[in-house]
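So in my numbering, spot 143 of the sequence shown is number 1330, and the numbers just go up one at a time. See structure below.
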Amino acid sequence: MSEFPGWHGTTIIAVRRGGEVVVAGDGQVSLGQTVIKGSARKVRRLSPGGSDVVAGFAGSTADAFTLLERLEAKLESTPGQLARASVELAKDWRTDKYLQKLEAMLIVSDGRDMFVITGAGDVLEPEHDVAAIGSGGNFALAAARGLMETEFSAEDVARRAMAIAADICVYTNGNLTVEKISA
1188 MSEFPGWHGT TIIAVRRGGE VVVAGDGQVS LGQTVIKGSA RKVRRLSPGG SDVVAGFAGS
1248 TADAFTLLER LEAKLESTPG QLARASVELA KDWRTDKYLQ KLEAMLIVSD GRDMFVITGA
1308 GDVLEPEHDV AAIGSGGNFA LAAARGLMET EFSAEDVARR AMAIAADICV YTNGNLTVEK
1368 ISA
């Protein structure tokens, strides 16, 4: 019996510079060796309770939407406290039997704080003002870390890093969704 080919997709990067955070994600979703969609939108703006948060996700889309809904609920109960909402989401994700099965990762930012949230219960604040997840995440992260040595804006760093990742990773394309948020 052959194994079902896995869904692959997404490179998400977040860059903080000059008082703003830019979150960018590519649009490719692949099933095995086939590109299923090239224009998926995996970076979203959330506005629960008047707070503005940008989130990017990698992994299963349905799982990511479930997590985004949970994050919105946490943000509504703790307005303006992204760190607390993120930790509460990670706790639930780690301990809830239903949520434990979800296969996704998130990068979230309110313009001040920036976190990577995982199903292992991690809420990581990235060093060097850059975070990246997904199949091309390491390529984008390395490129962005190098580009942070330049005078490029946060958006320029994110776009250039994503272009480099798309040139290297077969599961990443150049069709970007970009969201900016200021502190």
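Built from N, CA and C at the ideal position, the CB exists for glycine as well. Quick caveat, the model's predicted, so the values are computed rather than measured.
query: C-beta contact flag for residue 1216 and residue 1366 at 9 angstroms; result: no
query: Distance CB(residue 1323)-CB(residue 1285) smaller than 9 angstroms; result: no
query: Burial state of residue 1288 (16 or more Cβ within 10 Å); result: exposed
query: Residues near residue 1353 by beta carbon distance below 6 angstroms, same chain, minus five either side; result: 1359, 1360, 1361
query: Proximity below 9 angstroms, CB of residue 1296 to CB of residue 1269; result: yes
query: CB of residue 1328 within 9 angstroms of CB of residue 1318, strictly; result: yes
query: Rounded separation between residue 1191 and residue 1369 - CA only; result: For residue 1191, the pLDDT reaches just 46, beneath the cut-off of 50, and the residue's location in the model is therefore unreliable, although a value from the coordinates is still provided. Computed Cα separation, rounded: 42 angstroms.
query: Local conformation of residue 1339 per DSSP, three classes; result: coil
query: Limits of the unbroken alpha helix (DSSP H) element including residue 1278; result: 1269-1282
query: With 16 other Cβ atoms within 10 Å as the buried cut-off, status of residue 1273; result: buried
query: DSSP state of residue 1232 mapped onto helix, strand, coil; result: strand
query: Identity of the residue in 1276, 1321, 1300 nearest residue 1306 by Cα; result: 1276
query: Rounded separation between residue 1245 and residue 1356 - CA only; result: 14 angstroms
query: Neighbourhood of residue 1250 by C-beta, 6 angstroms cutoff - its chain only, sequence neighbours within 5 removed; result: 1289, 1290, 1291
query: Contacting residues, own chain, Cβ-Cβ under 7 angstroms from residue 1206 (five flanking each side not counted); result: 1369, 1370
query: Rounded straight-line distance, which links the Cα of residue 1315 to that of residue 1336; result: 11 angstroms
query: Residue 1363 - containing alpha helix (DSSP H), residue span; result: Looking at the DSSP string, residue 1363 is not in any alpha helix (DSSP H), and its letter there is neither H nor E.
query: Test item: CB-CB of residue 1230 and residue 1243 under 9 angstroms; result: yes
query: Length of the line joining the Cα atoms of residue 1202 and residue 1280; result: 25 angstroms
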